[in-house]
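Participant:
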Amino acid sequence: MRINVLQHTPNEGPGMIEDWANAHGHPMVTYHPYQFGHLPNADETDMLVILGGPMSPNDAQPWIKQERTLIQTLRSRAVPMFGACFGAQQISKTLGYEVTKAPAKEVGWAPVYRQSTVIPGIPAELTVLHWHEEMFEVPTAAQLLFASERVTNQGFVLDHRIVGLQFHLEPRANNVREMVVNDYPYIQGSQLNQTAADILTMPVLAANQRALFHILDYITADN
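In case it helps, this note's numbering puts the sequence shown at residues 12 to 234.
(1) Should Glu-148 and Asn-164 be called a contact, given that it needs their Cβ atoms to be closer than 8 angstroms?
(2) Tell me the rounded alpha-carbon separation between His-83 and Pro-134.
(3) Which ranges would you report for the beta strand (DSSP E) in the stretch 25-98 if only whole runs of at least 3 residues count?
(4) Select from Leu-211, Asp-57, Pro-131 the residue whose C-alpha is nearest the C-alpha of Phe-93.
(5) I need the boundaries of the beta strand (DSSP E) containing Leu-211, first residue and last residue.
(6) Helix, strand or coil for Glu-235, going by three-state DSSP, please let me know.
(7) If you follow the beta strand (DSSP E) that Arg-125 is part of, which residue opens it and which one closes it?
(8) By DSSP, does Phe-167 sit in helix, in strand, or in coil?
(9) With a floor of 4 residues, list each alpha helix (DSSP H) that falls wholly inside the stretch 180-204, ordered by position along the chain.
(10) So Gln-154 is in the beta strand (DSSP E); what residue range does that whole segment cover?
(11) Note down, in chain order, each residue of its chain lying with its Cβ closer than 6 angstroms to the Cβ of Ile-61, except the 5 sequence neighbours on either side.
(12) Exposed or buried, which one is Val-129 when buried takes at least 16 other CB atoms within 10 Å?
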């Protein structure tokens, strides 16, 4: 199974998604459309990962709209898709739903709470990395998967093949450092009231990797 990854900024890579791919023997190819302007071929995509980034789905860059065309094609073929932050917003926008300012800018570590038990093995609460100030609208046909105290729409699951998360489960500790070192000005104004040092001090919990792996196993079951 070929996993194609859409990465949208140098400091937000696939992280532990790569660990999952390697553990299953799946080849993974990473594309950088924000820099090079081209996307994978739908016929060569057995699973699509859409990562985060500083842009909005509401921006006008041509590659952002081209990504949504790819997402629509793959959805029609029941290809597994996983979106993180901007990636989840792109999926929602593709399906005709709004991406708007969230009730609170969340940057740092904070809990999210499971809202559905459709994916086995997901704990009732996870402490995860947030790095956003926009949010997706949950598609009507989807189930709300996670919520937080400040932003209800934190995750959704659709058709047993698509999961979008507003937060980040994928970063390893070194990925968190990379995000903080390169994008620390973005922390200002977050309602989580954490400093760069606070964010770096918090360890990446093993529960996050387990939850991520359960999600990826779920959307790729029988593939």
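Don't be surprised by glycine CBs; every beta carbon is placed ideally from N, CA and C. Small disclaimer: the values here were computed from a predicted structure and weren't measured.
Facilitator: The short version:
(1) yes
(2) Looking at the sequence itself, residue 83 is Gln, so the reference to His does not match. Taking the straight line joining both Cα atoms gives about 30 angstroms.
(3) 39-42, 58-61, 92-95
(4) Asp-57
(5) It is not in any beta strand (DSSP E) - Leu-211 instead sits in the alpha helix (DSSP H) that spans 207-212.
(6) With the chain represented from 12 up to 234, any question about residue 235 goes unanswered, as that position is not in the structure.
(7) 110-125
(8) strand
(9) 184-194
(10) 154-158
(11) Leu-17, Gly-94, Gly-98, Gln-101
(12) So Val-129 counts as exposed.
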